[in-house]
Amino acid sequence: MSLLDMLNRDLKIAMKSGDDVAKRTLRGVKAAITRAEKDRPDHLLTDEETIAILHKQAKQRRDSIEAYARGGREDLVAAERAELSVIEKYLPRQMGEEEIRSLAATIMTEMGATGPSDMGKVMGKLMAQLKGKADGRLVNKIVRDMLKGA
Numbered sequence: 055m056s057l058l059d060m061l062n063r064d065l066k067i068a069m070k071s072g073d074d075v076a077k078r079t080l081r082g083v084k085a086a087i088t089r090a091e092k093d094r095p096d097h098l099l100t101d102e103e104t105i106a107i108l109h110k111q112a113k114q115r116r117d118s119i120e121a122y123a124r125g126g127r128e129d130l131v132a133a134e135r136a137e138l139s140v141i142e143k144y145l146p147r148q149m150g151e152e153e154i155r156s157l158a159a160t161i162m163t164e165m166g167a168t169g170p171s172d173m174g175k176v177m178g179k180l181m182a183q184l185k186g187k188a189d190g191r192l193v194n195k196i197v198r199d200m201l202k203g204a
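Structure follows, in structure tokens:
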């Protein structure tokens, strides 16, 4: 079963069960997928492309959570967190900080990275390997800390 089929099935279940959060979230995700499909009408989205859309949707929710938290809108923070939890059910497991550190150390050794000036090269190679498996902000923070100590 493809990821898109799972989303459609779960949307039907949410509609039948009256789960408004899941229904609203999955409809939003489906709308984003439909927009992506219309951009390339001769191409069916792969699961990887669908996951990229889900990552984008999750990032939007995280950014909204931060903004609402700064504004003191706890009601909206809770709503965005609920939507984020629905989206995260469809995303692959994210790598932990230690796994990222280990991979970053390997790449830094391979490249001979010695300081902050090598940040761009290390991030480029690391993000290519971590594509979809780790949050970019976390990876950036880890690499920055490791290069400062190098």
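Residue numbers for the sequence shown, in this note's numbering: 55 to 204. Virtual Cβ for every residue (Gly too), placed ideally from N, Cα, C. Computed from a predicted model, the values in this text were never measured in an experiment.
Chain-order list of residues whose beta-carbon lies under 6 Å from that of residue i (same chain, five-residue window excluded)
| i | result |
| --- | --- |
| L130 | Y122 |
| Y144 | L108 |
| E137 | T79 and R115 |
| M69 | K77 |
C-alpha gap between residue i and residue j, whole angstroms
| i | j | result |
| --- | --- | --- |
| R135 | R115 | 7 Å |
| A133 | P170 | 38 Å |
| A159 | R191 | 17 Å |
| S118 | V75 | 16 Å |
| P146 | G186 | 8 Å |
| A106 | R63 | 20 Å |
| P95 | E153 | 38 Å |
| I67 | A182 | 36 Å |
Option nearest residue i by Cα separation, candidates the options
| i | options | result |
| --- | --- | --- |
| Q148 | G166, L184, R127 and R155 | L184 |
| I188 | H97, S139 and L157 | In the sequence under discussion, the amino acid at residue 188 is Ala, which differs from the Ile named in the question. The option with the nearest alpha carbon to A188 is L157. |
| S56 | R81, M173 and T100 | T100 |
| G203 | G82, R155 and D59 | R155 |
| D199 | G186, A167 and S71 | A167 |
| L98 | K110, L58 and S139 | L58 |
| K110 | G82, G72, D73 and S71 | G82 |
Close-in-space but distant-in-sequence residues of the same chain around residue i (CB under 8 Å, 5 per side omitted)
| i | result |
| --- | --- |
| E207 | One cannot answer for residue 207 here, as it falls past the ends of the chain, which runs 55 to 204. |
| M177 | V193, N194 and V197 |
| M60 | Y144 |
| G150 | none |
| K175 | M165 and A167 |
| V18 | Since the first residue shown for the chain is 55 and the last is 204, residue 18 is missing from the structure and cannot be characterised. |
Beta-carbon separation (whole angstroms), residue i vs residue j, contact threshold 8 Å
| i | j | result |
| --- | --- | --- |
| L65 | K84 | 7 Å |
| E103 | A90 | 7 Å |
| L201 | M165 | With 8 Å as the limit, L201 and M165 do not qualify as a contact, their Cβ atoms being about 11 Å apart. |
Own chain residues within Cβ distance below 7 Å of residue i, not counting five before or after
| i | result |
| --- | --- |
| L180 | L157, A158, I161, V193 and V197 |
Contact with chain B by residue i, beta-carbon distance below 8 Å
| i | result |
| --- | --- |
| K195 | Given the protein chain composition of this structure (a single chain), no chain B is represented. |
Legend entry - Length-filtered (4 minimum) alpha helix (DSSP H) runs lying within the segment 59-87: none
Legend entry - Entirely enclosed alpha helix (DSSP H) segments - the segment 135-184, minimum 4 residues: 151-165 and 173-184
Inset, instruction - Ignoring anything shorter than 4 residues or poking outside the segment 98-137, list the alpha helix (DSSP H) runs there in chain order. - result: 101-124
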